[in-house]
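Worksheet: one structure, shown below.
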Amino acid sequence: MIYRHLNEKDRFYIEQRLSEGDSLRSIARALGFSPSTISREIKRHTPIDFKGLYCHRLTSRCAQEKRANAKQGQAFRQISEEAKMLIHQRLSTHTSPDVISQELIREHNIQVSESTIYRYIYDDSDLATLF
2 MIYRHLNEKD
12 RFYIEQRLSE
22 GDSLRSIARA
32 LGFSPSTISR
42 EIKRHTPIDF
52 KGLYCHRLTS
62 RCAQEKRANA
72 KQGQAFRQIS
82 EEAKMLIHQR
92 LSTHTSPDVI
102 SQELIREHNI
112 QVSESTIYRY
122 IYDDSDLATL
132 F
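Take the sequence shown: its letters are residues 2 to 132, numbered as in my numbering.
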């Protein structure tokens, strides 16, 4: 199975098959997802007031809003200027983000994950050429 998100067509298919009384396993098999993915989708996006009825339009809208409101990239904007300066200095000496992350915690009591540093490098074209 390849990794992909459920799209609106998938959600419509789930709604149709559920209304026909098909099992989660058969729906998952037909769509190429694991049964747990289908189960989570239904639990996550079926409002209590819908009394267990799955509505693909509502779930697609919820998923879209969730993606739009994702806090991607906020981690680096929330760290101090001091930490940013230290990261720049260490990157200019070609220190790996993993080592930088560990040094920030050990020497400055500043917690910035390795993946946050990598995202910062990716987003900043000047740093990307440096690294």
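Heads up, the beta-carbon is just placed ideally off N, CA and C, and yes, glycines get one too.
{"Check": "When you compare each of H6, Y123 and D125 to A64 by their alpha carbons, which one comes out closest?", "Outcome": "H6"}
{"Check": "Is the separation between the beta-carbon of Y119 and that of P98 shorter than 8 Å?", "Outcome": "yes"}
{"Check": "Could you please give the first and the last residue of the uninterrupted alpha helix (DSSP H) stretch that includes C63?", "Outcome": "H57 to A69"}
{"Check": "Could you give the DSSP three-state label for I111: helix, strand or coil?", "Outcome": "coil"}
{"Check": "Here's the rule I'm using: 16 or more other beta-carbon atoms within 10 Å means buried, otherwise exposed. How should I88 be labelled?", "Outcome": "buried"}
{"Check": "Relative to the C-alpha of I43, which candidate in T60, S116 and Q90 has its C-alpha closest?", "Outcome": "T60"}
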